[in-house]
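Chemist:
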Amino acid sequence: MERRTEGVGNTCGAGNSLEYCGIIHPSSLAKESLGIKGNSAGMTLWTVTSLPGLIAQLPSPSRSLIDRLFTVSVREGELDIPPGMKSGDRDFHEFERQQIVRVTNRITLESTLFNELRAQRPLDTYADPGIAIDIEKSRGGAFCHPLTQTPADRFGRVEGTYCLTAANLAKYDHLHAVLIFRDHDPYLWEEEKIRDLLDVAHHWCTLAHHQDPAARYPFIMWNCLWRAGASIIHGHAQVLLAVEPYRAVEVLHRAVAAYQMEHGSDYLEDLILAHQHMGLTERCGDATILAYLTPIKEKEVMIISRSMECLPPAITRALSTYHHLGVQSFNLAILMPPLGSTGHLVTRIVDRGDLASRSSDIGGMELYSGTSVVSSDPFRLIEAIRQHSPASPS
Ligand SMILES: [Zn+2]
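Here this note's numbering is used: the first residue of the sequence shown is 5, the next is one more, and so on.
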């Protein structure tokens with residue numbers, strides 16, 4: 005069933021703001037008609053607000069694949085600024101007509117609203133020297149002495165070079181461990197440390213499965229600092245092994261199965277391909293990093309891989325980019341097939357904002373409408389990922 009992408013051909017230019025945008029994409033079409041501007045080198049600079057124009061100029065097969073996976077609409081919100089709001093050099097005229105881009109993933113129904121006024125801004129960075137002080141002040145807690153001050157699972161602990169497991173004192177689910185970093189520092193992105201973390205998590209899953217053979221659905225997550233839900237500053241991630249899959253894992257599984265049935269094709273491979281056509285991917289060994297087009301919140305990175313072994317370089321790449329961008333708090337989660345099965349792993353990492361802010365980044369839209377309001381532009385994110393390899397100077 006083929007449906008038209010809404011909004012294609014709309015005026016979607018964002019004026020000079022397009023010059024902020026990172027991605028450079030060759031185009032042979034008359035860009036003026038699509039609202040797209042070029043830079044002095046003749047390259048096209050794309051933003052999420054120019055997405056319909058980008059899709060319109062792609063070859064037909066690429067456009068068909070994107071249309072199969074996403075709807076993209078651009079609509080204009082209008083308002084009147086009363087004279088009383090205008091003062092000095094601020095007249096708010098830029099708010100009088102604002103373009104809203106809505107992207108919906110047709111397969112999973114994930115959807116995101118981008119407002120051109122927000123998306124045009126450079127990627128947010130946060131500078132709070134107080135974080136380093138908070139981290140230092142929290143040294144010496146239970147996670148600094150895990151062998152004596154944290155509980156062990158009945159089957160013992162798994163000890164790696166850079167982390168070890170503890171049973172979670174108040175468990176989310178019946179098999180739930182904490183992966184405590186040997187470093188106190190909650191920020192790590194070095195490949196060998198990420199690899200160790202995943203190896204220890206995998207080994208723990210094997211032992212937990214022996215304890216309860218009915219449990220076979222692993223879930224690895226890392227809530228980095230309090231904006232992301234962590235209650236302890238000392239670096240730690242978590243691993244669970246469930247009898248029934250958690251919702252996100254099951255939703256993805258059903259989406260993949262339904263897509264295979266309807267289109268005879270692999271959803272996640274097609275998702276990679278569609279993002280590739282739009283210049284929103286970066287290959288990292290055998291994994292692919294996507295600046296996902298329907299992010300759940302700011303700067304969301306998706307990594308699709310066929311195995312755990314090829315994940316560490318890509319996670320390192322994403323987290324080192326976050327470090328360069330000044331991201332202070334993030335959630336990372338790995339959706340994976342049940343133990344003993346093969347299939348893609350989907351890793352998602354999202355920025356949770358400024359640790360000093362008192363307002364939450366998640367509100368009623370994200371919790372209950374299921375459609376997220378996002379400021380960061382995926383085109384700028386992918387460019388940041390390309391620029392900030394682990395070898396880049398900090
Ligand atoms: Zn500590």
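Where is the CB? At the ideal position from N, CA and C, for every residue including glycine. Note that the coordinates shown come from a computational prediction; the quantities given were computed from them, not determined experimentally.
(1) With a cut-off of 8 Å on the beta carbons, I'd call Glu-359 and Trp-193 a contact; round off their distance for me.
(2) Determine, using beta carbons only, whether Asp-177 comes closer than 8 Å to chain D.
(3) With Val-331 and Lys-303 assumed to form a contact (beta carbons below 8 Å), what rounded beta-carbon distance in angstroms separates them?
(4) Can you name the start and end residues of the beta strand (DSSP E) that Met-225 belongs to?
(5) Val-255 and Val-204 look like a contact to me (Cβ under 8 Å); what is the Cβ gap, rounded to whole Å?
(6) Count the CB pairs spanning the stretch 196-211 and the stretch 264-276 that are closer than 8 Å, and state whether there are at least three.
(7) Note down, in chain order, each residue of its chain lying with its Cβ closer than 8 Å to the Cβ of Asp-365, except the 5 sequence neighbours on either side.
(8) Ligand 1 heavy atoms versus the CB of His-188: any closer than 7 Å?
(9) Can you check whether the CB of Leu-201 is closer than 8 Å to the CB of Leu-183?
(10) Secondary structure at Ile-28, three-state DSSP: helix, strand or coil?
(11) On the three-state DSSP scale, how would you describe Cys-306?
(12) Counting only runs of 4+ residues fully inside the stretch 242-301, write out the alpha helix (DSSP H) ranges in chain order.
(13) Express the C-alpha separation of Arg-321 and Thr-292 in angstroms, rounding to a whole number.
(14) Are Ile-386 and Gly-283 touching if we call contact CB-CB under 8 Å?
(15) If we count the other Cβ atoms within 10 Å of its Cβ and call it buried at 16 or more, is Val-107 buried or exposed?
(16) Spatial neighbours of Glu-98 within its chain, please: CB distance less than 8 Å, with the 5 preceding and 5 following residues excluded, ordered by chain position.
(17) Please report how far the alpha carbon of Val-78 lies from the alpha carbon of Ile-59, in whole angstroms.
(18) Closer than 7 Å to a non-hydrogen atom of ligand 1 - does that hold for the CB of Arg-122?
(19) Would the beta-carbon of Cys-148 be found less than 7 Å away from any heavy atom of ligand 1?
(20) I'd like to confirm the pairing. Which residues does DSSP put opposite Glu-82 in its beta bridges?
(21) So for Ala-212, helix, strand or coil by DSSP?
(22) Looking at Gly-145: is its Cβ nearer than 8 Å to the Cβ of His-240?
(23) In angstroms, rounded to a whole number, what distance separates the CA positions of Pro-190 and Cys-228?
(24) If we ignore side chains and look at the alpha-carbon of each, how far apart do Leu-179 and Gln-103 end up?
(25) What is the DSSP secondary structure of Leu-158, reduced to helix, strand or coil?
(26) May I have the straight-line CA-CA distance separating Thr-116 from Asp-381, to the nearest angstrom?
(27) Any idea what DSSP makes of Arg-106, helix, strand or coil?
(28) State the start and end residues of the unbroken alpha helix (DSSP H) segment that holds Ala-337.
(29) Can His-240 be considered in contact with ligand 1, in the sense that its beta carbon sits closer than 7 Å to one or more heavy atoms?
(30) Among Thr-346, Ala-218, Val-260, Tyr-372, whose alpha-carbon lies nearest the alpha-carbon of Ala-246?
(31) Using CA coordinates, which residue listed in Ala-262, Pro-317, Thr-169 is at the minimum distance from Ile-111?
(32) Please report how far the alpha carbon of Asn-335 lies from the alpha carbon of Ile-353, in whole angstroms.
(33) Mapping DSSP to helix, strand and coil, what is Ala-170?
(34) Applying the 10 Å Cβ sphere with the 16-neighbour rule, what's the burial state of Ala-123?
(35) Alpha carbon to alpha carbon, what distance is there between Val-76 and Leu-55?
Modeler: The structure says:
(1) Position check: residue 359 holds Leu in this sequence, whereas Glu was assumed. About 18 Å; that fails the 8 Å criterion.
(2) The structure shown has no chain D; it contains just one protein chain.
(3) 7 Å
(4) 221-228
(5) Val-255 to Val-204, Cβ: 28 Å. No contact.
(6) no
(7) Arg-231, Lys-301, Glu-302, Arg-356, Gly-357
(8) yes
(9) yes
(10) Bear in mind that a pLDDT of 31 at Ile-28, under 50, signals an unreliable position, so the number given afterwards is only what the model happens to contain. Here Ile-28 sits in strand by DSSP.
(11) The sequence given here has Met at residue 306, not Cys. Three-state DSSP puts Met-306 in a strand.
(12) You should have 251-267, 271-281.
(13) 11 Å
(14) yes
(15) buried
(16) Leu-121
(17) 13 Å
(18) no
(19) Result yes, Cβ under 7 Å from ligand 1.
(20) Per the DSSP secondary-structure output, Glu-82 pairs in a beta bridge with Arg-101.
(21) DSSP, reduced to helix, strand and coil, places Ala-212 within a helical segment of the structure shown.
(22) no
(23) Each residue's alpha carbon lies about 7 Å from the other.
(24) About 47 Å.
(25) Leu is not the amino acid found at residue 158; the sequence shown has Arg there. Here Arg-158 sits in coil by DSSP.
(26) 11 Å
(27) strand
(28) Counting along the chain, Ala-337 falls outside any alpha helix (DSSP H), though it belongs to the beta strand (DSSP E) covering 334-339.
(29) no
(30) Ala-218
(31) Checking every option, the nearest Cα to that of Ile-111 belongs to Ala-262.
(32) Rounded to the nearest whole angstrom, the CA to CA distance from Asn-335 to Ile-353 is 6 Å.
(33) Ala-170: strand per DSSP, three-state reduction.
(34) buried
(35) Whole-angstrom Cα-Cα distance: 8 Å.
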